[in-house]
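Heads up: the sequence shown runs through residues -26 to -1, 1 to 193, numbered per mature numbering (1 follows the signal peptide of the UniProt record, and there is no 0).
Using N, Cα and C, we set each Cβ at its ideal position, and we do this for glycine too.
Keep in mind it's a predicted model, so treat the numbers as computed, not measured.
A short write-up of the structure that comes next.
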Amino acid sequence: MQKIVRLLVIFFSCFLFFQGASLAHADPQTQPSDSQKTSLKYARLSANSLFSFTISPQPAGDPAFVSSEPGVVTDFSLARTYGTIGLLAHNTLAGAAFSQLKTGQSLQLITQDGSITLYRITAIEKYRALTPSSPKSDFSPLDSPGRRMTATELFNHIYATGDGKRLVLQTCLEANGNPSWGRLFIIAELETGTPPLSAPLILYNPAPAWASGDTLVAR
């Protein structure tokens, strides 16, 4: 339990770039190995015409690592221990696209062979760090400013209640010139009753002008 709390403190201290330099976790020496990359169940995250990002694992023993490569989201290993798929991104890179998402939209997780698992966005939650300069800061939801949550309570609320059917996209919120001001969570649930698509697809990115609606567009 003490180790988990320590990891949460590290993680919720945010993972943005400061003054043009990334956090130490972006050091090339801590990049995920090839074997870790090939062991991931899913290879890409897609949101139809909005984006299609590569999924990269965290290096072993580094649950605070977030990739500094453009077009890449990072698989959050600690979330997987609670049965949730968590994907992290800097809001200066892939995470910038998360703010374009809306409830009801479809997200797709795509395997190396093109099989697709569908998720539907059910909630978008934003939190302000009450003490942005502190890695132990409590948080307050923007839609309920009188409520106060510890980092552990926030983690459990987001990642430990999905019953193995939840996908979460996370990035940081910047406000008033402070890159650690808050957190954004896109919460999606597995589309039940819809079997994964098995035919390999190569997705347009971006989608062609003739594509319309909330659909996958393949070449």
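Beyond the five residues adjoining it in sequence on each side, T145 comes within less than 6 Å, by CB distance, of A63, N65, G69, F72 and L158 in the same chain, given in chain order.
Shown here, N152 sits in a strand according to DSSP, grouped into three states.
The residues L19, F27, I29, L61, A63 and A68, in chain order, have a CB closer than 6 Å to that of V47 in the same chain once the five nearest residues on each side in sequence are set aside. In the three-state reduction of the DSSP assignment, A162 falls in the strand class.
In the displayed model, F72 falls within a helix according to three-state DSSP. Per the C-alpha coordinates, the member of L81, Q74, P31 and V40 positioned closest to L141 is L81. In the structure shown, L116 adopts coil according to DSSP, grouped into three states. Counting along the chain, A53 sits inside no beta strand (DSSP E); it lies in the alpha helix (DSSP H) bounded by residues S51 to R54. For the pair L92 and R54, the Cα-to-Cα distance works out to about 18 Å. Just measuring C-alpha positions, the residue of D137, S118, F113 and R94 sitting nearest T126 is F113. In summary, D87 is exposed, with fewer than 16 beta-carbon neighbours lying within 10 Å of its beta-carbon over all protein chains present. Between S108 and the set T124, R94 and A134, the nearest pair of CA atoms involves T124. Beyond the five residues adjoining it in sequence on each side, R102 comes within less than 7 Å, by CB distance, of F113, S114, L116, W155 and G156 in the same chain, given in chain order. Closest option to L24, judged by alpha-carbon separation, among G45, F39, L14 and V40: G45. Beta bridge pairing from DSSP links S20 with S26 and Q82. Bridge partners of Q144 according to DSSP: L62 and F159. For A97, the three-state secondary structure derived from DSSP is strand. Here E99 really is in contact with I161; their C-beta atoms are around 7 Å apart, less than 8 Å. The shortest CA-to-CA distance from T96 to any of K139, I84, R122 and Y16 is the one to K139.
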